[in-house]
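In our numbering, the protein residues as written are 186 to 566.
Written as structure tokens, this is what we have:
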């Protein structure tokens, strides 16, 4: 059973959230790692331009300072994206990071885009996996001595949710690596819901989706890379995950990439269960949070950490100010409040938001790969 340390977001005079984060990181045992003169990749998500749900760089500054005090050489990092947007190359990626507040003044260290200018700077890590035997990892992350992840925990339109494993596996893959992971996650179009608005066509970076003369979008699967951008931008829920099975395979691949990222390296992980938005931070927008801000969790075990975060969100009441759950799926929950307000405590909110996904599959497979265990002890500070 792994230990997951957790703190809520209550503060008092002379004890801020930054103080609580420092307490959490130290109590969780980060000092057990030998950081002396080691290169430390702090894997974060800088946020797509226009998205406001990403974690604040102030939190990263706390981690940077602690690692420096322990003798390490930290740098902030993420890899380029597969889809079009403000982070698809190192120049735009760095500019977006700066605009979103990620700079050396705010964080105390520099940024290195892990897979270089065009997303081709990668290392092949042989893990003998069933789906991705030789993951392609951004070189700056692969070459680091230690990996620390700081993740925003939220929903995800293809994986179910995004947490530590998603941040590490998908986030550390080079552009080609992301293509490997997404190759079996091609979406489909529900023509009965499609209005032919063309938003998906406009946003597709691979010219794979078009609105036909009949007024419905269609996908050229010879060109589709499965990035899921059409799912994220469709306002009518017409672009959806191809199948639950394809979502499972995506999560299996992400777990294998995570194994490659962490192979033979000390590692430590922090997740922020705040602003739990329905979809990924990769899109240039973020819908209202589905549950209240819950807290911050830390562990050496990314599988236990993700399981604990998921359990906390499932147990939490749904925010009526979001309406994301009821807007998409009516009152299909098990909380039995009758007509009126449904709080959905105990309901799998990720499955309600994205019914064609299976988030458990990634953690189950990650456990089989030896990444960690879903059994955990939650230690509240």
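Every residue, glycine too, gets a C-beta built ideally from N, C-alpha and C.
Simplified DSSP state of residue 244, which is helix, strand or coil: Position 59 of the chain shown, counted from the start, is the residue given in the question as residue 244. Three-state DSSP puts residue 244 in a helix.
Would you check if the distance between the CB atom of residue 278 and the CB atom of residue 309 is smaller than 9 Å? Here residue 278 refers to the residue found at position 93 when the chain shown is read from its first residue. Here residue 309 refers to the residue found at position 124 when the chain shown is read from its first residue. It is not a contact, given that the beta carbons lie outside the stated cut-off.
Is there contact here, the segment 243 to 254 with the segment 358 to 366, by at least three beta-carbon pairs under 8 Å? no
So, at 6 Å on beta carbons, what are the nonlocal neighbours of residue 546 in its own chain, with the 5 sequence-adjacent residues on each side left out? Here residue 546 is taken as the residue at index 361 of the chain shown, counted from 1. Same-chain partners within the cutoff: 433 and 436.
Any idea which residues DSSP pairs residue 462 with across the strands? The residue labelled residue 462 in the question sits at position 277 within the chain shown. Note: residue 462 sits in no beta bridge, so no partner.
Where do the ends of the alpha helix (DSSP H) carrying residue 278 lie? Taking the chain shown and counting its residues from 1, the one referred to as residue 278 is at position 93. Looking at the DSSP string, the run of the alpha helix (DSSP H) that includes residue 278 is 275 to 284.
Is residue 226 helix, strand or coil by DSSP? Numbered from its first residue, the chain shown carries residue 226 at position 41. Strand.
Kindly list the residues whose CB is nearer than 7 Å to the CB of residue 294, restricted to its own chain and excluding five residues on each side of it in sequence; keep chain order. Residue mapping note: residue 294 aligns to position 109 of the chain shown, counting from 1. For residue 294, where only same-chain residues beyond five positions count, the Cβ hits under 7 Å are 249, 259, 260 and 261.
By how many angstroms is the C-alpha of residue 190 removed from the C-alpha of residue 402? What you label residue 402 is simply residue 217 of the chain shown in a count that begins at 1. What you label residue 190 is simply residue 5 of the chain shown in a count that begins at 1. Their Cα atoms are separated by approximately 46 Å.
Under a Cβ-count criterion, where at least 16 other Cβ atoms within 10 Å of its own Cβ denotes burial, should residue 197 be classed as buried or exposed? The residue labelled residue 197 in the question sits at position 12 within the chain shown. The residue is exposed, with fewer than 16 neighbouring Cβ atoms inside 10 Å.
Pull up the DSSP beta-bridge partners for residue 261, would you. Sequence index remark: in the chain shown, residue 261 carries index 76 (1-based). Answer is 227 and 296.
Which of the three DSSP states, helix, strand or coil, is assigned to residue 340? On the chain shown, residue 340 is found 155 positions in, with the first residue counted as 1. Here residue 340 sits in strand by DSSP.
Among 205, 186, 187 and 503, which has the Cα closest to the Cα of residue 566? Counting from 1 along the chain shown, the entry for residue 566 is found at position 381. Taking only the C-alpha atoms, the option nearest residue 566 is 205.
Going by C-alpha to C-alpha distance, which of 318, 290, 324 and 383 sits closest to residue 424? Your numbering for residue 424 matches position 239 in the chain shown. When only C-alpha atoms are compared, the closest one is 383.
Rounded separation between residue 208 and residue 471 - CA only: Residue 208 sits at position 23 when you count from the first residue of the chain shown. Residue 471 sits at position 286 when you count from the first residue of the chain shown. Whole-angstrom Cα-Cα distance: 30 Å.
So the candidates are 418, 327 and 367; which of them puts its Cα closest to the Cα of residue 224? Counting from 1 along the chain shown, the entry for residue 224 is found at position 39. Closest option to residue 224, Cα to Cα, is 327.
Less than 9 Å between the beta carbons of residue 276 and residue 288, yes or no? As a position in the chain shown, residue 276 is number 91, starting the count at 1. As a position in the chain shown, residue 288 is number 103, starting the count at 1. Cβ atoms of residue 276 and residue 288: not closer than 9 Å.
Under three-state DSSP, which class holds residue 425? For the purposes of this step, residue 425 is taken as the residue at position 240 of the chain shown. Strand at residue 425.
Run through the DSSP bridge pairs and tell me what residue 329 is partnered with. To locate residue 329, count along the chain shown from 1; it is residue 144. Paired residues: none, contrary to the question.
Give me, in chain order, the residues of the same chain whose beta-carbon lies closer than 7 Å to that of residue 451; leave out the 5 immediate sequence neighbours on both sides. The residue you call residue 451 lines up with position 266 of the chain shown. 218 and 331, listed in sequence order.
If I measure Cβ to Cβ from residue 552 and keep anything under 7 Å in the same chain, skipping five residues before and after, which residues do I get? For this step, residue 552 is matched to residue 367 along the chain shown. Cβ neighbours of residue 552 beyond the five flanking positions: 488, 558 and 559.
At 3 residues or longer, what runs of the beta strand (DSSP E) sit wholly inside the segment 447 to 497? 452 to 458 and 480 to 484
Would you be able to state if there are at least three C-beta pairs under 8 Å between the segment 380 to 396 and the segment 406 to 425? yes
Out of curiosity, what's the CA-to-CA distance linking residue 534 and residue 510? Reading the chain shown from its first residue, position 349 is the one you call residue 534. Reading the chain shown from its first residue, position 325 is the one you call residue 510. Between residue 534 and residue 510, the C-alpha separation is close to 7 Å.
For residue 292, count neighbouring Cβ atoms within 10 angstroms of its own Cβ and tell me buried if that reaches 16, exposed if not. Here the question's residue 292 lines up with position 107 in the chain shown. By the 10 Å Cβ count, residue 292 comes out buried.
Using the C-alpha atoms, what's the distance from residue 357 back to residue 253? Taking the chain shown and counting its residues from 1, one reaches residue 253 at position 68. Taking the chain shown and counting its residues from 1, one reaches residue 357 at position 172. Their backbone Cα atoms lie some 23 Å apart in a straight line.
Taking buried to mean at least 16 other C-beta atoms within 10 Å of its own C-beta, is residue 515 buried or exposed? The residue given as residue 515 occupies position 330 in the chain shown. For residue 515, the predicted model reports a pLDDT of 49, less than 50, meaning its position is unreliable; a value from the coordinates is still stated below. Burial call: exposed.
I need the boundaries of the beta strand (DSSP E) containing residue 347, first residue and last residue. Taking the first residue of the chain shown as position 1, residue 347 is located at position 162. Here the beta strand (DSSP E) through residue 347 covers 345 to 347.
Less than 8 Å between the CB atoms is what I'm expecting for residue 494 and residue 340, so what's the real figure, rounded? Position 309 of the chain shown, counting from 1, holds the residue named residue 494. Position 155 of the chain shown, counting from 1, holds the residue named residue 340. Not a contact, Cβ separation roughly 12 Å.
Which residues bound the alpha helix (DSSP H) around residue 535? Start at 1 with the first residue of the chain shown, and residue 535 comes out as number 350. It spans 534 to 538 - the alpha helix (DSSP H) in which residue 535 sits, taken as one unbroken run.
On the three-state DSSP scale, how would you describe residue 358? Here residue 358 is taken as the residue at index 173 of the chain shown, counted from 1. Strand.
Nearest-angstrom Cα separation, counted from residue 192 out to residue 578: The first residue shown for the chain is 186 and the last is 566, placing residue 578 beyond what the model contains.
Answer with buried or exposed for residue 195, where buried requires no fewer than 16 other C-beta atoms within 10 angstroms of its C-beta. Sequence index remark: in the chain shown, residue 195 carries index 10 (1-based). Residue 195 comes out exposed.
Taking the alpha carbon of residue 414 as the point to measure from, which residue in 538, 439, 446 and 367 has its own alpha carbon closest? In the chain shown, counting from the first residue as 1, residue 414 sits at position 229. Among 538, 439, 446 and 367, the Cα nearest to that of residue 414 belongs to 367.
Round the Cβ separation of residue 335 and residue 240 to the nearest angstrom and send it over; I've been treating them as touching at under 8 Å. To locate residue 335, count along the chain shown from 1; it is residue 150. To locate residue 240, count along the chain shown from 1; it is residue 55. Sure, about 6 Å apart at Cβ, within 8 Å.
Closer than 6 Å by C-beta to residue 226: which residues in its own chain qualify, once you throw out the five before and the five after it? Chain order, please. Position 41 of the chain shown, counting from 1, holds the residue named residue 226. Contacts found: 262, 326, 329 and 332.
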